[in-house]
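Numbering (full-length UniProt numbering), first residue to last: 1 to 782.
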């Protein structure tokens with residue numbers, strides 16, 4: 001669009017965030033005005049440029065300008081953002097990004113610490129707990145005054161299984177210590193061999209017990225006569241203390257695959273017998289309020305703790321209890337009432353982590369802040385989405401600006417202002433198609449407008465199952481002796497509020513009882529920043545071989561992890577600066593321009609395209625380029641079919657959302673199946689496969705599911721999306737609530753029957769969606 005009116009008046013700067021000529025990524029000279037102190041939703045098909053506009057242009061530039069206001073010493077320790085590719089940005093504000101990155105907190109980080117409830121609870125117990133354990137540090141498992149001395153506040157104790165660690169039939173020289181760090185030829189192996197604390201050529205089973213004990217358990221032993229090859233310090237530590245110090249008391253920032261596998265094999269973890277997993281010492285656990293300790297409070301689900309905290313009548317802590325209740329109410333309102341405060345924060349999903357961050361910001365006294373959210377409805381049942389909207393309204397009504405990247409119709413229609421981008425993904429997107437009120441978008445000729453005005457269509461004629469399997473007496477987590485029949489050869493939707501037990505039943509119990517089911521979830525893919533869609537799909541070698549045949553160079557020249565790597569960034573494309581306890585700072589590599597390859601690799605071409613050009617292609621473009629390699633082309637086309645056609649095939653996995661990783665896993669699985677017909681007998685469970693998808697992309701994914709079912713596959717989708725539920729042949733609704741209030745089968749049957757079933761919360765929302773998508777009204781306080 002073209003902006004014709006001038007934006008020079010101070011009133012315009014106070015009322016609008018102005019963007020002119022934005023060209024970040026696929027944006028095509030986008031100009032737009034975003035109203036301040038309003039809730040603005042940015043929508044459009046996946047890959048249309050929403051995140052490029054909101055996160056990489058508006059938020060990144062605002063944060064860069066704020067960082068520039070600090071002294072150079074401080075700036076060098078803050079995340080670095082390149083200057084946005086835009087003609088003009090005006091009216092920017094202090095900006096906080098609340099994204100779906102999982103918490104990277106260590107083992108000491110819990111839900112209580114992540115949402116800032118832990119300090120409040122410690123203060124409550126320090127004032128009202130009887131007998132008092134002391135000041136607030138006495139109730140902290142992260143402080144020596146309060147932590148359990150046995151596990152040092154971790155709640156678990158790790159130890160090394162010597163039977164798994166040692167090959168007693170071998171000598172030290174032969175590699176009797178079965179751990180990579182002690183393999184023959186390594187630095188630590190040499191210390192064992194040259195210490196002269198035991199004969200290195202005698203099998204461990206034949207060593208005198210005292211010598212074996214020294215090899216395994218000595219700490220700080222001063223050696224009197226080591227070999228000349230031994231370090232001059234002449235201090236010897238045994239195998240077990242070294243392993244504990246290097247791998248158990250702290251987690252190395254980078255573990256090799258061999259080390260990770262070895263640790264999983266030789267380390268046993270169990271609940272700390274000293275504190276029963278509560279992390280706290282005896283004094284902290286003995287201090288009670290109304291018969292409960294702070295550890296008991298941590299262990300209760302948030303929904304139940306609200307009532308326990310509300311029953312405290314001690315006037316000395318009344319203001320604190322009010323603050324605790326407010327924070328607990330907010331957690332419950334965003335659908336996290338099933339969580340307990342002692343849960344490790346690193347185990348939360350991306351959607352759960354983002355909602356915890358929302359709660360953390362609700363109590364802030366700041367105003368005129370710009371809050372940027374990345375699909376906050378991810379993983380939420382429609383019932384919880386409406387409560388989430390209330391929290392977003394609270395942020396807005398506190399004189400803040402709220403920008404949300406979203407697909408959920410209820411969030412879009414609840415906005416004060418909507419910006420719709422498209423018309424398609426990647427190079428075919430990057431244009432503002434509509435900006436204005438949601439009612440206007442409903443009538444607009446865009447994909448989002450079509451989704452908003454079209455009610456979902458319930459499947460009236462379900463396909464006939466080819467058989468069934470039984471999940472029998474499931475009782476994991478909150479499941480209550482659940483037995484359920486699962487139909488085969490059809491599309492089954494598993495529904496229920498967040499925390500009801502859906503994933504436990506179908507992603508954990510089902511594959512244990514029936515191992516022929518393949519579960520495709522949203523857990524991080526192995527490989528990190530160096531892995532890409534082509535490596536996950538297994539076509540990277542085929543692409544390198546094609547370049548090798550055409551250019552005469554070894555295939556390794558076309559790998560950023562081999563000879564072709566840029567010597568400066570080592571094939572990463574970015575230079576990463578480790579800032580210790582702060583987030584790492586990444587800047588694009590100047591030597592290769594982010595391409596990851598060295599000049600030799602970039603000088604070679606296949607049909608006029610360099611390896612960097614190919615890795616920057618979309619799946620469709622790459623499939624066309626490698627049409628003479630049917631298997632490679634077919635696997636690349638699966639990316640398009642699962643809704644990832646907007647990605648570049650060389651994009652780092654670190655940049656993908658949980659939903660994108662899951663669909664990438666599905667593409668890999670389908671690629672392994674082969675051509676049509678190979679799906680017969682396949683049984684696939686997908687955990688929220690539509691996460692991050694626009695309604696149009698959901699329809700494409702459903703068409704793929706239909707094709708797979710017609711080919712003989714069984715598809716089970718754990719889902720909240722009404723479009724998926726409506727198109728299913730069979731629905732299994734778990735609930736009725738979350739946590740202790742869930743864990744039972746509420747309904748089984750076709751979707752049209754669920755819509756008429758009064759006892760199901762899911763059925764009520766499905767019925768409303770089948771009529772029309774209404775607009776939740778969030779009245780502005782101003």
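Heads up, the beta-carbon is just placed ideally off N, CA and C, and yes, glycines get one too.
Item                                                                                                                                                                       : Value
Within a Cβ cutoff of 8 Å, which residues of the same chain sit near residue 133, ignoring the five residues on either side of it in sequence?                             : 125, 126, 139, 146, 283, 284, 286, 287
How many Å lie between residue 211 and residue 562 at the Cα?                                                                                                              : 45 Å
What did DSSP end up calling residue 435 once you bin it into helix, strand or coil?                                                                                       : strand
Within 10 Å of its beta-carbon, does residue 50 have 16 or more other beta-carbons around it, so buried, or fewer, so exposed?                                             : buried
Which residue marks the beginning of the beta strand (DSSP E) containing residue 371, and which one marks its end?                                                         : 370-374
Considering residue 321, what are the terminal residues of the alpha helix (DSSP H) in which it resides?                                                                   : 318-333
Measure the CB-CB distance between residue 463 and residue 729 and report whether it falls below 8 Å.                                                                      : yes
DSSP three-state call for residue 44: helix, strand or coil?                                                                                                               : strand
Please determine if the stretch 540-553 and the stretch 616-631 are in contact, where contact requires at least 3 C-beta pairs separated by less than 8 Å.                 : yes
Candidates 34, 375, 605, 685: which alpha carbon is nearest residue 518's?                                                                                                 : 685
Measuring straight from C-alpha to C-alpha, what distance separates residue 615 and residue 241?                                                                           : 46 Å
To the nearest angstrom, report how far apart residue 402 and residue 372 are at their CA atoms.                                                                           : 6 Å
Whose C-beta lies closer than 6 Å to the C-beta of residue 184 among residues of the same chain, with five residues either side of it excluded?                            : 175
Taking buried to mean at least 16 other C-beta atoms within 10 Å of its own C-beta, is residue 646 buried or exposed?                                                      : buried
DSSP three-state call for residue 730: helix, strand or coil?                                                                                                              : strand
Going by alpha carbons, who is nearest to residue 95 out of 400, 556, 157, 119?                                                                                            : 400
Can you give the beta carbon distance from residue 762 to residue 496, rounded, assuming they're within the 8 Å contact cut?                                               : 6 Å
Classify residue 748 as helix, strand or coil using the three-state DSSP reduction.                                                                                        : strand
Give the straight-line distance between the Cα atoms of residue 56 and residue 378, rounded to the nearest whole angstrom.                                                 : 20 Å
I need the straight-line Cα distance from residue 15 to residue 420, nearest angstrom please.                                                                              : 20 Å
Taking the beta carbon of residue 665 as the centre, do at least 16 other beta carbons fall within 10 Å, making it buried, or is it exposed?                               : buried
Among 375, 191, 679, whose alpha-carbon lies nearest the alpha-carbon of residue 709?                                                                                      : 679
How long is the line joining the alpha carbons of residue 390 and residue 595, rounded to whole angstroms?                                                                 : 44 Å
Compare the beta carbon distance of residue 39 and residue 61 with 8 Å and say whether it is the shorter of the two.                                                       : no
Return the CA-CA distance between residue 799 and residue 144, expressed in angstroms with no decimal places.                                                              : The structure shown does not extend to residue 799, since the chain is modelled only from 1 through 782, so no value can be given for it.
Could you give the C-beta distance for residue 359 and residue 331, rounded to a whole number, given that I count them as a contact under 8 Å?                             : 5 Å
Starting from residue 417, trace the beta strand (DSSP E) in both directions and tell me its first and last residue.                                                       : 417-422
Starting from residue 304, trace the alpha helix (DSSP H) in both directions and tell me its first and last residue.                                                       : 302-310
Return the chain-ordered list of same chain residues with a C-beta closer than 8 Å to the C-beta of residue 803, the five sequence neighbours on each side being excluded. : The requested residue 803 does not occur in the structure, where the chain is confined to residues 1 to 782.
Sorted by chain position, which residues of the same chain lie with C-beta nearer than 8 Å to residue 659's C-beta, five sequence neighbours on each side aside?           : 378, 522, 688, 689, 690, 691, 692, 693
Rounded to whole angstroms, what's the CA-CA distance from residue 454 to residue 407? Just pull it up for me.                                                             : 15 Å
Go ahead and label residue 581 buried or exposed: buried means 16 or more other beta carbons lie within 10 angstroms of its beta carbon, across all protein chains shown.  : Residue confidence for residue 581 is low, a pLDDT of 41 falling below 50, so the modelled location carries little weight and cannot support an answer.
Check each candidate in 719, 337, 466, 398 and name the one with the smallest Cα separation from residue 387.                                                              : 337
Tell me the start and end of each unbroken beta strand (DSSP E) in the stretch 146-180 that is at least 3 residues and wholly inside, in chain order.                      : 156-160
Under three-state DSSP, which class holds residue 501?                                                                                                                     : coil
I'd like the span of the alpha helix (DSSP H) that includes residue 449, first residue to last.                                                                            : 447-453
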